[in-house]
Amino acid sequence: MHFDEYTLFGVFFVGSGIAQLVWPIWVLFRRWRPLFLLAAVGNGAIVALWAVDRIWGLPLGPTPWKPDPVGFGDSVTALFEVLLVVACLMLFTGRRRMMLRRASVLMLTCAVVVITALSFLSALGVGSSLLTPTQ
Numbered sequence: 001m002h003f004d005e006y007t008l009f010g011v012f013f014v015g016s017g018i019a020q021l022v023w024p025i026w027v028l029f030r031r032w033r034p035l036f037l038l039a040a041v042g043n044g045a046i047v048a049l050w051a052v053d054r055i056w057g058l059p060l061g062p063t064p065w066k067p068d069p070v071g072f073g074d075s076v077t078a079l080f081e082v083l084l085v086v087a088c089l090m091l092f093t094g095r096r097r098m099m100l101r102r103a104s105v106l107m108l109t110c111a112v113v114v115i116t117a118l119s120f121l122s123a124l125g126v127g128s129s130l131l132t133p134t135q
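Here the sequence shown is numbered in the numbering used here, starting from 1 and rising by one per residue.
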């Protein structure tokens, strides 16, 4: 879809997708702390790019400086990216010992599952008008 819109957008999404698949696998095999910082910076840059695109628009592409609509699914994805940045920074600084109660973990897991399901429905166009992008 992004390649159809603008080739550079497609290249960006393929590259960032590959990076987001490779770094967690790398962490599984070799715990290299600077990788957490690199992941935080990379994912933070993706969130910043998303925000710029939704607020001002990008200076390139088929519609320069025209902001894209904000959708439920992409907003949730940006939120997950922010949470990933926070987790990576905590792992980089060594603050791993935050204990959560079982009920808190269960509630957090349920919330993530529900929000992810709503995002999926939004992407499929099955959700209500509250879940679809606004102009």
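All residues carry an ideal CB built from backbone N, CA and C; glycine is no exception.
Taking residue 33 as the centre and dropping the five residues before and after it, the same chain places the C-beta of 92 closer than 7 Å to its C-beta, in chain order. Using a Cβ distance threshold of 8 Å, residue 19 and residue 42 count as a contacting pair. Considering only 4, 125, 46, the residue with the shortest C-alpha distance to residue 84 is 46.
CA-to-CA, the gap between residue 52 and residue 73 works out to about 17 Å. Across the set 39, 16, 7, 114, the C-alpha of 39 shows the shortest separation from the C-alpha of residue 86. Within 10 angstroms of the beta-carbon of residue 110 lie fewer than 16 other beta-carbons, which makes it exposed.
Note: residue 86 is not bridge-paired with any residue in the DSSP secondary-structure output.
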